[in-house]
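Structure record follows, encoded as structure tokens.
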Amino acid sequence: MPFHEGELAVQKQAGVEAAAQRVSGALKQGFEPASTEFLLPRPFAIASSIDPSGNLWASLITGPPGFLTVTSDQTLNVNPISTMDSQLIQNLHTNPTMGLLTLDLAARRRLRVNGYAQQVSEQGIQLQAQQVFFNCPKYIQTRYLLSDPSDRPASTPAASTSNLSSDQQNWITHTDTFFIATAHPEKGADISHRGGLPGVLQVVNANHLLFPDFKGNNMFQSFGNIAVNPQVGLLILDFDQGHTLQLTGKAELLWDDPRQQPFNGAQCLVSFTIEQVRMIRHACPLRWKFGEFSPVIPPQNSPSENI
């Protein structure tokens with residue numbers, strides 16, 4: 000059975016059980032030539048991890064092309080590292096469960112690798128893969144990687160709070176891309192991409208966000224995990240300045256909620272209650288130029304139609 004009980008429950012709720020089974024063949028247990036080739040030139044990845052309190056975090060990793068190298072059917076070396084969040088290292092030392100996502104934003108392609116970390120250090124990680132799969136290009140905004148001058152500002156220490164500042168709330172309301180970390184208690188961690196028009200992440204207040212789920216591959220790995228474990232981590236990356244905003248808290252799936260109406264085409268909503276906030280300025284040495292929004296993003300309803 001390729002899906003666990005949470006995924007099956009959400010697939011049933013959405014009425015897509017047959018469709019999910021049809022695409023389940025995309026879930027591979029190891030690396031194949033296509034995934035090996037895709038990983039090699041990528042300069043960044045997003046990783047999920049679990050801290051000692053059970054909180055989920057999504058963290059940025061960057062490195063020179065070639066830092067993601069497949070060395071066997073089951074093994075991915077993440078080395079050498081240019082940027083890796085120290086919290087990710089600490090979490091993996093206590094709980095090796097890890098998900099990894101990397102994207103080619105210019106070509107709208109993405110690959111997920113879920114498994115367990117070994118030989119964890121500031122210099123690198125060896126990831127033993129249990130699940131490897133490509134996702135469809137839906138909802139990925141086109142962005143083009145810029146050259147990487149050496150005079151980029153150095154990153155600052157992480158600033159931690161229990162809620163969002165007004166500047167952070169403003170940042171969130173303008174974002175069009177974010178990443179979501181989830182985990183199943185026995186099946187491991189996962190990291191996924193979410194995209195939409197600015198406003199796709201709706202700020203309710205300093206500790207509460209809402210975001211929609213648009214139709215995807217019907218497998219519902221993220222939502223299946225949330226169905227059995229509400230702990231979730233979000234990462235928002237400032238593609239222009241390199242800042243990162245990490246949020247951890249609890250999520251709830253909302254079906255047929257009236258607040259779904261402004262998000263045209265949404266299958267359901269996710270209510271996210273923030274418990275911790277971490278911001279690192281200039282965490283990412285890379286910068287991107289915006290190209291265009293994904294052509295499959297549903298247009299949003301006008302403000303006059305909002306509930």
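Quick note: the sequence shown uses numbering that gives the first Met the number 0, first residue 0, plus one each step. Heads up, the beta-carbon is just placed ideally off N, CA and C, and yes, glycines get one too.
Query	Result
Using DSSP with H/G/I as helix, E/B as strand and the rest coil, what is Q129?	strand
Determine the direct distance from the alpha carbon of S146 to that of A188, and round the result to whole angstroms.	33 Å
Measure the C-alpha to C-alpha separation of S81 and H3 and round it to an integer number of angstroms.	35 Å
So P156 and Q122 are in contact, right, with Cβ under 8 Å, and what is the actual spacing, rounded?	Their Cβ separation, rounded to whole angstroms, is 20 Å, which puts P156 and Q122 out of contact at 8 Å.
In chain order, what residues of the same chain have a beta carbon less than 8 Å from the beta carbon of G62, not counting five sequence neighbours either side?	P42, F43, V77, N78, P79, I80, S81 and T82
List the endpoints of the continuous alpha helix (DSSP H) containing L38.	P32 to L38
Once DSSP output is grouped into helix, strand and coil, what is the label at V15?	coil
CA-CA distance, I124 and S191?	20 Å
Tell me whether H183 sits in a helix, a strand or coil according to DSSP, three-state version.	strand
To which residues of the same chain is N305 closer than 6 Å at the C-beta, ignoring the five residues directly before and after it?	Confidence in N305 is poor, its pLDDT being 31 and thus under 50, which makes the residue's placement too unreliable to answer from.
For L26 and P1, what's the separation of their Cα atoms in angstroms?	8 Å
Nearest chain D C-beta to L100 closer than 8 Å, yes or no?	Of the chains in the structure shown, none is chain D; there is only one protein chain.
Using the rule of at least 16 other Cβ atoms within 10 Å of the residue's Cβ for burial, across every protein chain shown, is D239 buried or exposed?	exposed
Going by the beta-carbon positions, is the gap between A116 and Q73 smaller than 8 Å?	no
What are the start and end residues of each continuous beta strand (DSSP E) run of 3 or more residues lying completely inside the segment 26-104, in chain order?	43-49, 55-61, 67-69, 74-77 and 96-103
Can at least three beta-carbon pairs, one atom from the segment 93-110 and one from the segment 136-146, be found at a separation below 8 Å?	yes
Rounded to whole angstroms, what's the CA-CA distance from G65 to A182? Just pull it up for me.	28 Å
Could you pull out every residue in the same chain whose Cβ sits closer than 6 Å to the Cβ of I171, ignoring the five residues on either side in sequence?	L200 and V202
D175 and L196: beta carbons closer than 8 Å?	yes
Here's a check: name, in chain order, each residue in its chain whose Cβ is nearer than 6 Å to the Cβ of F292, leaving out the five neighbours to either side.	Q140
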